[in-house]
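> Chains as they are written, first to last, in numbering that gives the first Met the number 0: chain A, 0 to 363; chain B, 0 to 363.
Pasting a structure here, questions to come.
Protein chains: 2
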Amino acid sequence: MTSPAQGKPRTIDDLDTPAMVVDMDKLQANINELQAYCDTHGLNNRPHIKTHKVTYIAKLQLDAGATGIACQKLGEVEVMVEAGITGDIMLCYNVMGAQKLERLRAVSQLTDITLTIDSEYTARGISAYADPNHPINLVVELAMPDFERTGVQTQEDALALAKVIDKLPGVHFRGLMMYPTTKPEQQQTAAAAREYFERNGLAPEIVSGGGSVDFHDLHRIPHATEVRVGTFNYGDRNTVANGVMTYEQCAQHFICTVVSKPTPDRVILDGGTKTFTSDMPQLDDPRSTFCHILEYPEARMFAQSEEHGHVDVSLCERTPQIGERVSVIPNHACGATNNFDEVVMHRNGEVVAIWPIWARGKIR
Amino acid sequence: MTSPAQGKPRTIDDLDTPAMVVDMDKLQANINELQAYCDTHGLNNRPHIKTHKVTYIAKLQLDAGATGIACQKLGEVEVMVEAGITGDIMLCYNVMGAQKLERLRAVSQLTDITLTIDSEYTARGISAYADPNHPINLVVELAMPDFERTGVQTQEDALALAKVIDKLPGVHFRGLMMYPTTKPEQQQTAAAAREYFERNGLAPEIVSGGGSVDFHDLHRIPHATEVRVGTFNYGDRNTVANGVMTYEQCAQHFICTVVSKPTPDRVILDGGTKTFTSDMPQLDDPRSTFCHILEYPEARMFAQSEEHGHVDVSLCERTPQIGERVSVIPNHACGATNNFDEVVMHRNGEVVAIWPIWARGKIR
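As structure tokens, then:
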């Protein structure tokens with residue numbers, strides 16, 4: 000798996016930059032903490048693989064006790080199934096169109112699969128293509144107040160969709176998917192929906208809840224049976240800014256080189272949007288930045304081009320020199336992961352393995 | 000080159016989504032217009048391949064009369080050289096570190112190569128690794144006023160760097176690189192720098208100028224000998240917003256499917272940051288959007304997740320339905336290109352070829 004350009008690295012200091020590295024021990028600690036949390040609160044743990052996109056890491060999560068995994072595109076499901084992960088896979092996507100529906104039918108013959116959907120159009124399409132010997136589970140996505148994303152808008156419409164599913168061949172109504180935060184109105188909506196379904200004779204087998212942003216409070220989401228946490232396994236600047244973890248706990252980081260220092264107050268790194276993505280911070284931030292630099296916490300990446308990160312170091316006590324290597328935590332782990340073909344796994348800087356990121360770039 | 004998942008598409012309507020397609024005729028028209036413009040004004044044309052990252056398209060540009068190509072990372076140069084493009088290649092990057100310098104030496108034995116640099120550190124590194132039989136050309140990047148990017152800050156410092164280069168073995172001072180806009184103060188800086196170098200006995204053989212943003216005004220940049228235009232060959236929303244071209248001229252577009260319609264005013268497309276990037280508009284925009292939808296010009300993609308584009312259609316006369324396919328022009332062609340492994344080439348919708356994007360993802 001070692002690419003020729005990388006040679007045979009002994010430590011992460013031998014890697015050419017930009018490089019993406021993950022600390023095995025920190026990763027395992029995060030996996031264990033997530034699992035222990037779920038066990039304590041009687042929640043099933045369904046880690047979202049979009050953060051790492053690595054089949055080996057999905058297996059580490061299942062070994063630790065995860066119920067199954069969550070994927071975001073059909074191509075990610077195919078990669079995981081090909082690697083032998085054939086338990087309980089959730090695909091949080093409205094799959095439609097003949098080409099994808101044929102692929103869905105094929106993969107459903109190799110694994111139990113549950114799709115989250117929000118329309119009758121999606122339900123009827125999946126039903127039409129489903130293999131009757133391998134029915135596909137469907138979960139109705141219910142939108143939360145103030146979230147302008149996907150999802151059926153009211154519990155009444157969600158129930159109507161569930162009743163349609165209940166009558167269609169080749170598909171099986173399995174429950175509800177929601178993304179409630181710990182805000183009272185969202186929790187109330189989520190709790191009310193589950194009770195409403197039970198009162199109306201379609202008790203959900205699973206109610207799938209939130210992600211990393213509210214980690215440590217996920218058990219306060221009423222009536223969730225499982226959680227889908229992705230980013231916490233790696234950690235990123237947003238997760239730290241949200242108070243969920245510390246930089247010390249972040250398993251993933253990026254090594255960059257200072258390739259230019261046009262002024263004493265500005266350095267240019269060899270990573271830009273093609274390395275970190277252009278994802279902005281989740282929280283309002285008077286000193287908005289595209290990343291956190293571990294050795295220079297006062298530095299601010301104020302702009303990017305595709306191959307450059309433009310960093311203001313005017314507030315740093317000492318400033319980095321041209322040729323110096325720095326350790327970068329991006330705003331968004333999942334997006335940055337998608338930019339790399341392989342991840343270098345290490346322990347205290349000693350390279351342990353280089354794992355392919357087979358599920359990267361699966362946009363279909 | 001046809002991926003199994005795509006089957007054998009006859010027209011672009013047969014493609015699974017999201018798909019990236021390029022109209023052969025529009026692409027050729029843009030290539031020809033750029034070349035004709037350069038010919039008219041006596042400028043050398045050095046198209047920047049970062050927009051398309053496709054070896055075939057680089058050859059179309061050279062066939063039309065381009066002097067050479069520009070690349071942004073060493074890995075892009077290697078891909079182009081491997082495909083037989085061994086003329087005059089410019090790499091606009093401070094290449095440093097033993098691993099990249101060894102690769103640079105190797106590729107310099109197969110092609111004439113010119114690097115743009117902004118520090119003595121970079122110059123000395125390249126010199127130390129250069130093959131004396133294949134000297135590497137160096138061009139000094141001079142920063143323009145108000146541009147907080149790379150580049151030596153003053154013409155005096157630029158000349159000092161050029162004099163260092165002039166004395167180092169294995170490297171050859173070839174000229175200046177700048178990115179002046181048509182603003183008077185930037186043009187003045189650029190013109191003054193060239194004259195200053197000539198007065199001081201280091202007349203630049205080439206002065207490499209700007210890109211797509213100022214296309215049609217590039218000849219007004221004083222004393223440039225060549226231009227590096229990337230985006231204009233494909234076109235994107237920023238290029239149209241800047242008044243450089245029309246949507247009708249854009250050769251590249253993306254086909255997406257409406258996968259959800261949670262409310263009458265909101266539709267969700269199957270392309271988000273992993274398809275289009277999260278690059279924002281270049282111009283201030285009261286109705287900021289991540290893309291332009293050809294069939295629904297009043298629609299606004301107000302938010303994205305990795306796999307979803309969230310579109311406000313409240314101002315549209317009619318609104319798209321679930322399952323409908325739409326044609327999307329993203330803010331930034333180059334970033335979106337980098338998210339795809341292949342580009343579907345078509346004429347009036349008839350698929351002509353599927354070309355691999357060999358130079359995508361070359362972050363090193």
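Where a beta carbon is used, it is the ideal one built from N, C-alpha and C, also for glycine.
I'd like to check one pair, B/G200 with B/V417: are the Cβ atoms closer than 7 Å?
Coverage of chain B is limited to positions 0 through 363, which leaves residue 417 of chain B absent and any answer about it impossible.
> Are the beta-carbon atoms of A/G67 and A/I48 separated by less than 7 Å?
Contact: no.
> What span of residues does the beta strand (DSSP E) with B/E341 cover, start to end?
Here the beta strand (DSSP E) through B/E341 covers E341 to R346.
> Terminal residues of the continuous alpha helix (DSSP H) containing B/D24?
M23 to T39 is the extent of the alpha helix (DSSP H) around B/D24.
> Give, in chain order, every unbroken run of the beta strand (DSSP E) that is at least 3 residues long and sits entirely within the stretch 229-307 of chain A.
The stretch 229-307 of chain A contains these whole beta strand (DSSP E) runs: 251-262, 265-268, 290-292 and 299-303.
> Going by C-alpha distance, which of A/Q71, A/G86 and A/I84 is nearest A/N93?
Among A/Q71, A/G86 and A/I84, the Cα nearest to that of A/N93 belongs to A/Q71.
> Counting C-beta neighbours from all protein chains within 10 Å, is the total for A/L314 16 or more, i.e. buried, or is it exposed?
Per the 10 Å Cβ criterion, exposed.
> Run down chain A in chain order and give the residues with a C-beta less than 8 Å from the C-beta of B/I367.
No answer is possible for residue 367 of chain B: it lies beyond the span of chain B, which begins at 0 and ends at 363.
> Taking the alpha-carbon positions, what's the A/R9 to A/A250 distance?
Taking the straight line from one Cα to the other gives about 19 Å.
> Go to A/D12, then tell me how far its alpha helix (DSSP H) extends in each direction, as first and last residue.
That residue, A/D12, is in no alpha helix (DSSP H); it is neither H nor E in DSSP.
> Grouping DSSP H, G and I as helix and E and B as strand, with all else coil, what is B/G67?
B/G67: strand per DSSP, three-state reduction.
> Mind checking which residues open and close the beta strand (DSSP E) that includes A/F172?
Element bounds for A/F172: V170 to M176.
> Spell out the partners DSSP gives B/L137 in its beta bridges.
B/L137 is bridged to B/L114 and B/F172.
> Please name the residue in B/D13, B/D278 and B/T54 whose C-alpha comes closest to that of B/V80.
It is B/T54 whose Cα lies nearest to the Cα of B/V80.
> Using Cβ-Cβ distances below 7 Å, what residues of the stretch 66-81 of chain A are close to chain B?
Flagged, chain order: Q71 and K72.
> Smallest Cα separation from A/V258: which of B/A97, B/D117 and B/P263?
Per the Cα distances, B/D117.
> So if DSSP puts A/R324 in a beta bridge, which residue, or which two residues, is it bridged to?
Answer is A/T256.
> From the beta carbon of B/G334, is the nearest beta carbon of chain A less than 7 Å away?
For B/G334, the answer is yes, since a Cβ of chain A falls inside 7 Å of its Cβ.
> Can the beta-carbon of B/Q133 be found less than 7 Å from the beta-carbon of B/Q152?
Per the sequence presented here, residue 133 of chain B reads as His, with Gln not at that position. Not a contact, by the Cβ cut-off of 7 Å.
> With 8 Å as the limit, tell me which residues of the stretch 271-299 of chain A have their beta carbon closer than that to any beta carbon of chain B; keep them in chain order.
Within the stretch 271-299 of chain A, the qualifying residues are T272, K273, T274, T276, S277, D278 and M279.
> Counting only beta-carbon separations shorter than 7 Å, does A/M143 have a partner in chain B?
No, no contact with chain B.
> Might you give, ordered along the chain, the residues of its own chain that have their beta carbon closer than 8 Å to the beta carbon of B/R148, omitting 5 neighbours on each side?
For B/R148, where only same-chain residues beyond five positions count, the Cβ hits under 8 Å are A142 and Y178.
> Strictly below 9 Å CB to CB, what residues from chain B border A/A302?
Under the 9 Å cutoff, chain B gives E147 and R148.
> Give me the chain B residues within the contact set of A/N337, using Cβ-Cβ distance strictly less than 8 Å, ordered along the chain.
Correct list: K273 and E305.
> Name the chain B residues that come within less than 7 Å of A/V258, Cβ to Cβ?
Within 7 Å Cβ-Cβ: N93 and M95.
> Counting only C-beta atoms, is B/R363 closer than 7 Å to chain A at any point?
Yes, B/R363 counts as interfacial toward chain A.
> For A/P144, does the count of other Cβ atoms within 10 angstroms reach 16, so buried, or fall short, so exposed?
Result: exposed.
> Select from B/L59, B/P17, B/M95 and B/H40 the residue whose C-alpha is nearest the C-alpha of A/P17.
The shortest C-alpha separation from A/P17 is found at B/M95.
> Whose CA, out of A/Y246, A/V163 and A/N31, lies closest to the CA of A/I380?
This structure leaves residue 380 of chain A out entirely; chain A is present only between 0 and 363.
> Decide if the stretch 205-223 of chain A is in contact with the stretch 171-189 of chain A; the criterion is three or more beta carbon pairs, one per stretch, under 8 Å apart.
Verdict: yes, contact present.
> Nearest-angstrom Cα distance between A/M344 and B/G360?
Approximately 20 Å between the Cα atoms of the pair.
> If you draw a straight line from the alpha carbon of A/N330 to that of A/H291, how long is it in whole angstroms?
Going by the C-alpha atoms only, they are around 8 Å apart.
> Please state the DSSP three-state secondary structure of A/R359.
Note: A/R359 maps to coil in three-state DSSP.
> If the cut-off is 8 Å on Cβ atoms, which residues from the stretch 108-119 of chain A count as contacting chain B, listed in chain order?
Correct list: D117 and S118.
> Relative to the ligand PLP, is the shortest distance from any of its heavy atoms to the C-beta of A/T110 smaller than 6 Å?
Ligands in the displayed structure: none, and consequently the ligand PLP is not present.
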